[in-house]
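*Asks:*
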Amino acid sequence: MAAGGGEKRASESAALTGSRWLYRRNWVQIAAMLVMNSYFFAWAKGFCVPALNCWACPGAIFGCPLGAMQNSSISARWTIGDKPWYAIVPLYVIGVLIVFSAVFGRMMCGWICPFGWLQDKLAALRSKHWRIPKPLRYLRYAILVALVLVIPYLTGVAWFCKLCPQGALEGGWLQPIFNPETRVLIGSFWWIKQAILVGFLVLMVFVKRPFCGTVCPLGAIFSLLHRHSLWRIDFEADKCVNCMWCVQECPAGIDPRTEVNSHDCIGCLECTKCPHDAIQSRLMWAPAPAEAQVTEG
Amino acid sequence: MNRYVWTIAAVVGIAAIAVGLGHGQWAVVLRWGQTLCTSCIGLGH
Numbered sequence: 423m424a425a426g427g428g429e430k431r432a433s434e435s436a437a438l439t440g441s442r443w444l445y446r447r448n449w450v451q452i453a454a455m456l457v458m459n460s461y462f463f464a465w466a467k468g469f470c471v472p473a474l475n476c477w478a479c480p481g482a483i484f485g486c487p488l489g490a491m492q493n494s495s496i497s498a499r500w501t502i503g504d505k506p507w508y509a510i511v512p513l514y515v516i517g518v519l520i521v522f523s524a525v526f527g528r529m530m531c532g533w534i535c536p537f538g539w540l541q542d543k544l545a546a547l548r549s550k551h552w553r554i555p556k557p558l559r560y561l562r563y564a565i566l567v568a569l570v571l572v573i574p575y576l577t578g579v580a581w582f583c584k585l586c587p588q589g590a591l592e593g594g595w596l597q598p599i600f601n602p603e604t605r606v607l608i609g610s611f612w613w614i615k616q617a618i619l620v621g622f623l624v625l626m627v628f629v630k631r632p633f634c635g636t637v638c639p640l641g642a643i644f645s646l647l648h649r650h651s652l653w654r655i656d657f658e659a660d661k662c663v664n665c666m667w668c669v670q671e672c673p674a675g676i677d678p679r680t681e682v683n684s685h686d687c688i689g690c691l692e693c694t695k696c697p698h699d700a701i702q703s704r705l706m707w708a709p710a711p712a713e714a715q716v717t718e719g
Numbered sequence: 096m097n098r099y100v101w102t103i104a105a106v107v108g109i110a111a112i113a114v115g116l117g118h119g120q121w122a123v124v125l126r127w128g129q130t131l132c133t134s135c136i137g138l139g140h
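Protein sequences appear in the order of chains S and V. One gets our numbering by counting positions in the first sequence from 1 and adding 422 to each. One gets our numbering by counting positions in the second sequence from 1 and adding 95 to each.
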């Protein structure tokens, strides 16, 4: 792909359609990361931010929905039978995730997730990437059920947190740096967790968003409502000249011509910068372009 | 029908939040958030 020419055409196209703000996604991601870890006020940890941001990070101001769901599963071990179901099920956390995914689908993955931003930056080091085999993209649903819900309930241990590379980065590194008394706790498990992190960091250079595409249980939750969310993306086959620009640019490593609105789309809207205006976004109630085919992936 | 799924989901989500908050789940999540789980971040054995 002639990157320079394509970007220029995309820029002109976006400027014409009034979507200049799309070029600020990188800054939105950086701002979101800084706000989530700014330590303005600790009481906000009661609010679960709809992104993968470890609440054990010294600067984290919001709660982690996956951590909260695992703790709920662990608590259910001791309270099941004593309390009504609506007091045991983490309705508040689930409700927050449902509301965000109903309105935005997976856009949180593409716009505010700090780990997603890190994956975008590392993927930018190479121009060619391997594709994730389609069956592997369903692994995240199994991880959601197994490591976030069932195994924590059965074992009383938050197993997804124990293996989470974002926790290894934000909590595993920053706690020992800012809280020296925790350094004595560095042991063999810290090294295992760091090995998982390093494995993903290397993979991020060769595969676009490998963590989002295969492992992230939060992305799995958002995926469930993505195709029905308020935001829609339309592909107009008549305008497409198969230049592959969108395939090359897609941060999720999918083919937007057939997979926009699918469970693998992260709603970043990068593909809507299409030099030929073949891909456009709209709100659900806005009329679709006449020639648009709604791709379900 | 598909175009109303997000509305139904949003209403269900808001109802779930209201019930959860009514049972003090904000305070529960806040308590978890303010307790540093060292073993969760690899510190410990």
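Heads up, the beta-carbon is just placed ideally off N, CA and C, and yes, glycines get one too.
#1: Is there a Cβ of chain V sitting closer than 7 Å to that of His397/S, yes or no?
#2: Looking at Gly641/S: is its Cβ nearer than 7 Å to the Cβ of Ile554/S?
#3: Find the nearest neighbour of Pro480/S within the set Val682/S, Leu646/S, Asn459/S and Asn493/S, judged by alpha-carbon distance.
#4: Given a limit of 8 Å on CB to CB distance, which residues of the stretch 632-655 of chain S reach chain V?
#5: Pull out every residue of the stretch 513-545 of chain S whose Cβ sits closer than 9 Å to any Cβ of chain V, in chain order.
#6: Based on the DSSP output, what are the partners of Ser703/S in its beta bridges?
#7: Thinking just about the alpha-carbon of each residue, which of Gly621/S, Asn683/S and Ile655/S is nearest to the one in Leu647/S?
#8: Cα separation between Pro673/S and Asn97/V?
#9: Ala110/V: which of Tyr514/S, Pro598/S and Cys687/S sits nearest, CA to CA?
#10: Buried or exposed, going by whether 16 or more other CB atoms sit within 10 Å of the CB of Asp504/S?
#11: Could you tell me the distance, in whole angstroms, from the CA atom of Phe633/S to the CA atom of Trp507/S?
#12: For Val493/S, which residues in chain V fall below 7 Å Cβ to Cβ?
#13: Use the C-beta contact count for Ala113/V: other C-beta atoms within 10 angstroms, 16 or more gives buried, fewer gives exposed.
#14: Using the DSSP secondary-structure output, state which residues sit across from Lys505/S in a beta bridge.
#15: Give me the chain V residues within the contact set of Gly468/S, using Cβ-Cβ distance strictly less than 8 Å, ordered along the chain.
#16: Considering only the alpha carbon of each residue, which of Ala490/S, Lys695/S, Trp539/S and Phe537/S lies closest to Gly517/S?
#17: Would you decide whether Pro472/S is buried or exposed? Buried here means 16 or more other CB atoms lie within 10 Å of its CB.
#18: Taking 7 Å as the CB-CB limit, is Leu607/S close to chain V?
#19: Keeping to the same chain, check which residues put their C-beta closer than 7 Å to that of Met529/S; ignore five residues upstream and five downstream.
#20: Closest Cβ-Cβ distance between Cys668/S and chain V: below 7 Å?
#21: Locate the alpha helix (DSSP H) running through Arg126/V, then write down its first and last residues.
#22: Does DSSP put Trp552/S in a helix, in a strand, or in coil?
*Replies:* In terms of the structure at hand:
#1: For residue 397/S there is no data in the structure shown, the boundaries of chain S being 423 and 719.
#2: Here residue 641/S is taken as the residue at index 219 of the first sequence, counted from 1. Here residue 554/S is taken as the residue at index 132 of the first sequence, counted from 1. In this structure, Ile554/S does not lie closer than 7 Å to Gly641/S by Cβ.
#3: As a working mapping, residue 480/S is identified with position 58 in the first sequence. The option with the nearest alpha carbon to Pro480/S is Asn459/S.
#4: Leu647, His650, Ser651 and Leu652
#5: Leu513, Tyr514, Val515, Ile516, Gly517, Val518, Leu519, Ile520, Val521, Phe522, Ser523, Ala524, Val525 and Gly527
#6: As a working mapping, residue 703/S is identified with position 281 in the first sequence. Ile655/S, per the DSSP bridge assignment.
#7: Position 225 of the first sequence holds residue 647/S. Ranking Gly621/S, Asn683/S and Ile655/S by Cα distance to Leu647/S puts Asn683/S first.
#8: Working through the first sequence from its first residue, we reach residue 673/S at position 251. Working through the second sequence from its first residue, we reach residue 97/V at position 2. Distance between the alpha carbons of Pro673/S and Asn97/V: 27 Å.
#9: The residue you call residue 110/V lines up with position 15 of the second sequence. The option with the nearest alpha carbon to Ala110/V is Tyr514/S.
#10: Position 82 of the first sequence, counting from 1, holds the residue named residue 504/S. Asp504/S is exposed by the Cβ-count criterion.
#11: Here residue 633/S corresponds to residue number 211 of the first sequence, with the count starting at 1. Here residue 507/S corresponds to residue number 85 of the first sequence, with the count starting at 1. Cα to Cα, the separation comes out at about 33 Å.
#12: Reading the first sequence from its first residue, position 71 is the one you call residue 493/S. The sequence as given places Asn at residue 493/S; Val does not occur at that position. The contacting residues are Trp127.
#13: Within the second sequence, numbered from 1, the residue matching residue 113/V stands at position 18. Flag for Ala113/V reads exposed.
#14: Along the first sequence, read from residue 1 onward, the residue named residue 505/S stands at position 83. Looking at the DSSP assignment, Lys505/S forms a beta bridge with Ile502/S.
#15: Against the first sequence, residue 468/S aligns to sequence position 46. In chain order: Trp121, Ala122, Val124, Leu125 and Gly128.
#16: Along the first sequence, read from residue 1 onward, the residue named residue 517/S stands at position 95. Nearest of Ala490/S, Lys695/S, Trp539/S and Phe537/S to Gly517/S, Cα basis: Ala490/S.
#17: For this step, residue 472/S is matched to residue 50 along the first sequence. Buried is the call here.
#18: Taking the first sequence and counting its residues from 1, the one referred to as residue 607/S is at position 185. With 7 Å as the cut-off, Leu607/S counts as an interface residue toward chain V.
#19: Translated into positions along the first sequence, residue 529/S becomes position 107. If we look at Met529/S and ignore the five residues flanking it on each side, its Cβ neighbours are Trp653 and Gly689.
#20: The residue labelled residue 668/S in the question sits at position 246 within the first sequence. Not an interface residue.
#21: Within the second sequence, residue 126/V is the residue found at index 31, counting from 1. Gln120 to Gln129 is the extent of the alpha helix (DSSP H) around Arg126/V.
#22: Sequence index remark: in the first sequence, residue 552/S carries index 130 (1-based). Reduced to three states, the DSSP call for Trp552/S is strand.
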